[in-house]
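Student: Dumping the structure here so I can ask a few things about it.
Number of protein chains: 2
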Amino acid sequence: MPTYKITLAYDGTDYIGWQRQATGTSIQGLLEDALREFGDGDIAVSGAGRTDAGVHALAQVASFTLVRDLPTDAVVRALNAKLPEAVRVTSAAVVPASFHARFDARAKTYRYRLWNDEVLPPFERRYAWHVPGALDLDAMRRAATLIEGEHDFAAFQSAGSDVATSVRRVATSRIAECDPHSSLLLYEVTADGFLRHMVRAIVGSLVEIGRGRQPPEWIARVVASRDRSAAGRTAPALGLFLISVDYGGARPAEP
Amino acid sequence: MPTYKITLAYDGTDYIGWQRQATGTSIQGLLEDALREFGDGDIAVSGAGRTDAGVHALAQVASFTLVRDLPTDAVVRALNAKLPEAVRVTSAAVVPASFHARFDARAKTYRYRLWNDEVLPPFERRYAWHVPGALDLDAMRRAATLIEGEHDFAAFQSAGSDVATSVRRVATSRIAECDPHSSLLLYEVTADGFLRHMVRAIVGSLVEIGRGRQPPEWIARVVASRDRSAAGRTAPALGLFLISVDYGGARPAEP
């Protein structure tokens, strides 16, 4: 009964998100359906990050246990043969039976892509939030770092969450250095866990600051308020990518 | 009656190509429909490259004449407001009434994208031909340069063309230098004109050479044969991008 850890990339545009639900096509559901064709009966798949509808992944991690002992490259090939091209298994490894993709994750890193120019290139329309107009990048950079550390992030949590605590430790939060001639703006955040819509609410707040509607320090006051209505709007799902999951020991993969 | 030259980027996935036809949605048709809403009646649009179904553009050039004198930024904004997000006008300029996007083009450059790895990333599935397995890049590089110069390219022309001559002058033909750690392989070709499916037939032949089924010199023999059945298969449309059109004077835009 080997347990496998797989790494996945997916274009979330056409899916309801990671988690299987009563209706709609989920990434978890696609994997479980593909594994059923292996002939070992129903196989439950756990994922590291429960990405929302429309959110993408460069390196999501999932785990499951098979009855048969299959070589890892056969697992990769057989899953990719059954999955749609929008979902690809990029690697597989055999791990101890105790491994759980979600509970064992020490940290996850998300990247949010924004396009800051008048015209959004057609090839970015599903993968970047179009934010035209001047943005104060220095203010956004300063604000981004202000949420690093352990905080109660209730102000950045959407309704409908059922988590025990909204305290999370953000290891790094920054506007990535990009080519200054590029219109692409990247926000990257690593934390031990994320609340529902947390990254998107942070990005919506950073854009408020970038537009000069709020000073950088405002984001610290929003955190302190623990009031969702204090934060900026939730940025659209299409700009968000789960880019790595860290299980300790090895460094997170460079996507 | 000002004449406008516009530059366009488009994701060709869902379209029948540049040229308006009896059925299906074309890029030319989308532009002409958008211009009709300007209230100047039917406006004919000429395009520099008649890209096929599924072929993309980073910088296609088109021209048309309006009755009213509109500022160029108003033309860009009004067209983009009416066009789908998959088609974007990136710039506009007023040009002499004699300008014709197709007949005045001195050279066009196409790029073909190939993904040379076992797994095709989901974000490349509409924009790169998936060619797994070992490829001899040095052989492909040498073969690519062998088609530079003026030749009769009848061997790389699909049936159904009605051009007066199949002689074209290829200024440069090369496998672009890429990050050696990347699986992305780029082929770029600049010529004074292209025959139907010419770039895709060249790429199909280069892949035959990369796979070791033919030596690099074979491509010169294919050119000399002027026989379509001598060349490799036509590579799929989805990897092909029209990246610049040169009208002399100014350098082609870096896409």
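Sequences listed follow chains A and B, in order.
Residue 185 in our numbering is what sits at position 191 of the first sequence, and the numbering runs on without skipping anything.
Residue 230 in our numbering is what sits at position 236 of the second sequence, and the numbering runs on without skipping anything.
Heads up, the beta-carbon is just placed ideally off N, CA and C, and yes, glycines get one too.
Please go through the same chain and pick out, in chain order, the residues whose beta-carbon is closer than 8 Å to the beta-carbon of B:THR166, but skip the five residues on each side of it.
Tutor: Closer than 8 Å at Cβ, skipping near neighbours: GLU142, GLU182, VAL183 and THR184.
Student: Strictly under 8 Å for the Cβ-Cβ distance: is B:ASN74 near chain A by that measure?
Tutor: Interface residue, yes.
Student: Given a cut-off of 8 Å, decide if B:TYR121 and B:ARG107 are closer than it, judged by their beta-carbon atoms.
Tutor: Closer than 8 Å, so yes.
Student: Suppose only complete runs of 3+ residues qualify. What are the beta strand (DSSP E) ranges in the segment 153 to 200 of chain B, listed by chain order?
Tutor: DSSP runs (the beta strand (DSSP E)) wholly in the segment 153 to 200 of chain B: 161 to 169 and 178 to 185.
Student: Between the C-alpha atoms of B:LEU229 and B:TRP123, what's the straight-line distance to the nearest angstrom?
Tutor: In the sequence on display, residue 229 of chain B carries Ala and not Leu. For B:ALA229 and B:TRP123, the distance between alpha carbons rounds to 8 Å.
Student: So is B:SER57 buried or exposed if we call it buried at 16+ other beta carbons inside 10 Å?
Tutor: Result: buried.
Student: Would you please state the rounded distance, in angstroms, between the beta carbons of A:GLY43 and A:LEU180? I believe it to be under 8 Å.
Tutor: The Cβ separation is near 18 Å, so there is no contact.
Student: Looking at the structure shown, is B:SER92 part of a helix, part of a strand, or coil, going by DSSP?
Tutor: In this structure, B:SER92 counts as coil in the three-state DSSP scheme.
Student: Does the CB of A:PRO230 have a neighbour CB from chain B at under 8 Å?
Tutor: No, no contact with chain B.
Student: Please confirm whether A:LEU73 and B:ARG82 have their CB atoms less than 8 Å apart.
Tutor: No, the pair does not count as a contact, with Cβ atoms beyond the cut-off.
Student: Please say whether A:TYR(-2) and A:ILE21 have beta carbons closer to each other than 8 Å?
Tutor: Not in contact: A:ILE21 and A:TYR(-2) (Cβ atoms no closer than 8 Å).
Student: What residue range is occupied by the uninterrupted alpha helix (DSSP H) comprising A:GLY23?
Tutor: Where A:GLY23 is concerned, the enclosing alpha helix (DSSP H) stretches over 21 to 30.
Student: Would the beta-carbon of A:LEU234 fall within 8 Å of that of A:VAL49?
Tutor: Their beta carbons are under 8 Å apart, which means A:LEU234 touches A:VAL49 by this criterion.
Student: Name the chain B residues that come within less than 8 Å of A:LEU64, Cβ to Cβ?
Tutor: Residues of chain B passing the Cβ test: none, with the nearest at roughly 17 Å.
Student: Chain B partners of A:PRO174, CB-CB under 7 Å?
Tutor: Those do not exist, as A:PRO174 stays about 16 Å from chain B at its closest Cβ, beyond 7 Å.
Student: Checking the sheet assignment: what are the DSSP bridge partners for B:LYS76?
Tutor: None; B:LYS76 has no bridge partner.
Student: Taking C-beta pairs closer than 7 Å, name the residues in chain A that B:VAL113 reaches, listed in chain order.
Tutor: Near B:VAL113 (Cβ distances below 7 Å), the residues of chain A are ASN74, ARG82 and THR84.
Student: Please decide whether B:ARG251 counts as near chain A, where near means a Cβ-Cβ distance under 8 Å.
Tutor: Past the boundaries of the shown model lies residue 251 of chain B; chain B is included only from -5 to 249, so the question cannot be answered.
Student: Just to make sure I have the definition right: I need the residues of chain B whose C-beta is within less than 9 Å of the C-beta of A:TYR106. Which are they?
Tutor: None at all; the shortest Cβ gap to chain B is about 16 Å.
Student: Output, in sequence order along the chain, the residues in the segment 183 to 215 of chain A whose CB is closer than 8 Å to any CB in chain B.
Tutor: Answer set for the segment 183 to 215 of chain A: empty.
Student: Taking one C-beta from the segment 132 to 140 of chain B and one from the segment 153 to 160 of chain B each time, how about it: are there three or more such pairs within less than 8 Å?
Tutor: The answer is no - the segment 153 to 160 of chain B does not touch the segment 132 to 140 of chain B, with fewer than three Cβ pairs under 8 Å.
Student: Give a yes or no on whether 8 Å exceeds the smallest Cβ distance from A:PRO116 to chain B.
Tutor: Interface residue, yes.
Student: What is the rounded straight-line gap between the Cα of A:LEU232 and the Cα of A:ALA47?
Tutor: When rounded, the distance between both Cα atoms is 9 Å.
Student: Would you identify the three-state DSSP class for B:ALA214, choosing helix, strand or coil?
Tutor: Note: B:ALA214 maps to helix in three-state DSSP.
Student: Leaving out the 5 sequence neighbours to the left and right, which residues in its chain are closer than 7 Å to B:ASP27 when beta-carbon positions are compared?
Tutor: Excluding positions up to five away in sequence, the list is empty.
Student: Between B:TYR9 and chain A, is the shortest Cβ-Cβ distance under 8 Å, so that the two count as touching?
Tutor: No, B:TYR9 does not count as interfacial toward chain A.
Student: A:ALA42 CB to nearest chain B CB: under 8 Å?
Tutor: It does not; no Cβ of chain B falls within 8 Å.
Student: Taking the alpha helix (DSSP H) that A:ALA53 falls in, what are its first and last residues?
Tutor: A:ALA53 -> not in any alpha helix (DSSP H); beta strand (DSSP E) instead, spanning 50 to 59.
Student: Roughly how many angstroms lie between the CA atoms of A:GLY11 and A:GLY18, to the nearest whole one?
Tutor: Approximately 9 Å between the Cα atoms of the pair.
Student: Taking C-alpha atoms, which residue in A:VAL193, A:SER152 and A:THR7 lies nearest to A:ILE169?
Tutor: The shortest C-alpha separation from A:ILE169 is found at A:VAL193.
Student: Any beta-carbon of chain B closer than 8 Å to the one on A:GLU79?
Tutor: Interface residue, yes.
Student: Taking C-beta pairs closer than 7 Å, name the residues in chain A that B:TYR(-2) reaches, listed in chain order.
Tutor: Per Cβ cutoff of 7 Å: no residues; B:TYR(-2) is ~16 Å from chain A at best.
Student: How would you write the range of the beta strand (DSSP E) that A:ALA3 sits in, first residue to last?
Tutor: It spans -3 to 4 - the beta strand (DSSP E) in which A:ALA3 sits, taken as one unbroken run.
Student: Hey, would you say B:THR1 sits closer than 8 Å to B:VAL55, going by beta carbons?
Tutor: In this structure, B:VAL55 lies closer than 8 Å to B:THR1 by Cβ.
Student: Are there 16 or more other CB atoms within 10 angstroms of the CB of A:PRO116, so buried, or fewer, so exposed?
Tutor: It counts as buried.
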